[in-house]
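Peer 1: Quick one: structure below, then a few questions.
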Amino acid sequence: MVTESELVEAITGRAAEAGVQVWLHAADLDSPRHVGIDADEPVVTASVFKVPVAVELARQAAEGELDLAERITVPPGHPTASPYGLATFRHDVTMSWYDLAVLMIGISDNVATDLILGKVGKAAVAGTLRRLHLPHTAVPHDCGDLLRTIGEDLGIDYQDDERILAAMPAEQLAKLRALTPEETCRTTAAESTRLLGLIWRDEAAPATACADVRRWLELQVWPHRLRSGFADDDVRISGKTGTLPSLRNEIGVVEYPDGGRYAVGVFTRAVDARSRVPERDAFIGFAAARAVDWLRR
């Protein structure tokens, strides 16, 4: 049987080949078994912060503080940039808060996220994180705030397009507030899987709220990170990616037909800001699959 140290060596070795540093935590949701790599160090969430936002939205709905069926109209031209979703639309769109959450998690729509966070409030998200005893997880900014700090730090009009940063030295990137855990949305790999466990056990909020969040995470469309490590169609993957210049993350739950279920958080920081490096995305699937396979033995 592979030892824990051999597992860690295999994952960190592949990380070095891909040109990334890795922070990882994987936990069996039905036993105390877990494994980690620097799992308690603070990391930048990127769009992974949308998971606690989703929890707060669903909690408020379950407790009667808002109605997920309420419709709002979103005109074109929202100031928050996003490569997908509402920011690309030319005409007014009317949809419910529930459907905005589908966009926020399913395709990581930044406009949908900022509308939802504006509705539920950052203070309420912070309160839920305190209630759940996740002291190292914080959501001090929305997507617009994060992108604005990148532009301010670089002296450019940054519109969430990593390609313009591809040639930037890593030392300069490392100084960006959006890439500094203490100054941006943050968590640890261990706290990210703890949050997922609370959601899957109906402990993060009322059961109906947790069911909504699980459904939104199940609808995520991206197959190139966590999903890439699990080839069997019978394995269900529910997750949320996070992407910023030089950062590629994903957290999620892997569920097997035999009832086994495992929360995984993989956070990476690359040696450069190239935006299209498939082996770095695939590394997340490799690392998650190795960790989960080790937990299942």
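My numbering puts the first residue of the sequence shown at 941, with every later residue one more than the last. Yeah, the Cβ is synthetic: ideal placement off N, Cα and C, and Gly gets one too. No experiment lies behind these values; they were computed from the predicted model shown.
(1) Would you report the Cα separation of LEU1086 and GLY1199, rounded to the nearest angstrom?
(2) Check whether the segment 1066-1073 touches the segment 1027-1044, taking contact to mean three or more Cβ pairs, one atom from each stretch, closer than 8 angstroms.
(3) Got a sec? Which residues, its chain only, sit under 7 angstroms from LEU1040 by beta carbon, not counting five neighbours each side?
(4) Cutting at 7 angstroms between CB atoms, please list the residues of its own chain near LEU997, excluding the five before and the five after it.
(5) Can you give me the start and stop residues for the alpha helix (DSSP H) that PRO1218 sits inside?
(6) Looking only at DSSP bridge pairs, what is PHE1207 linked to?
(7) For GLN1000, collect the residues of the same chain with a Cβ closer than 8 angstroms to its Cβ; drop the 5 residues on either side in sequence, then sort them by chain order.
(8) Spell out the partners DSSP gives VAL983 in its beta bridges.
(9) Could you please give me the residues that DSSP links to ILE1045 through a beta bridge?
(10) Which stretch, first to last residue, makes up the alpha helix (DSSP H) that contains ILE1056?
(11) Can you name, in chain order, every residue of its own chain whose Cβ lies under 6 angstroms from the Cβ of ARG1011, other than the five neighbours on each side?
(12) With contact counted as at least three CB pairs below 8 angstroms, one residue from each stretch, are the segment 1176-1194 and the segment 1103-1118 in contact?
(13) Is it buried or exposed for VAL1148, if we count other Cβ within 10 angstroms and need 16 for buried?
Peer 2: According to the structure shown:
(1) Here residue 1086 refers to the residue found at position 146 of the sequence shown. Here residue 1199 refers to the residue found at position 259 of the sequence shown. The alpha-carbon atoms of LEU1086 and GLY1199 are separated by roughly 39 angstroms.
(2) no
(3) For the purposes of this step, residue 1040 is taken as the residue at position 100 of the sequence shown. Excluding residues within five positions, the ones whose Cβ falls inside 7 angstroms are ALA1052, LEU1055 and ILE1056.
(4) Here residue 997 corresponds to residue number 57 of the sequence shown, with the count starting at 1. Answer for LEU997: TRP1037, ALA1041, ILE1056 and VAL1060, listed in chain order.
(5) In the sequence shown, residue 1218 corresponds to position 278, counting from 1. It spans 1218-1236 - the alpha helix (DSSP H) in which PRO1218 sits, taken as one unbroken run.
(6) What you label residue 1207 is simply residue 267 of the sequence shown in a count that begins at 1. Bridge partners of PHE1207: TRP963 and ASN1189.
(7) As a first step, residue 1000 is located in the sequence shown; it is residue number 60 there, counting from the start. Excluding sequence neighbours, GLN1000 sits near LEU1006, VAL1060 and ALA1064.
(8) Indexing the sequence shown from 1 puts residue 983 at position 43. Its beta-bridge partners are THR1127.
(9) Indexing the sequence shown from 1 puts residue 1045 at position 105. Its beta-bridge partners do not exist; DSSP assigns none.
(10) Taking the sequence shown and counting its residues from 1, the one referred to as residue 1056 is at position 116. Its alpha helix (DSSP H) spans residues 1050-1060.
(11) The residue given as residue 1011 occupies position 71 in the sequence shown. Cβ within range, chain order: THR1034 and SER1036.
(12) yes
(13) Taking the first residue of the sequence shown as position 1, residue 1148 is located at position 208. Correcting the residue identity first, residue 1148 is Thr in this sequence and not Val. So THR1148 ends up on the exposed side.
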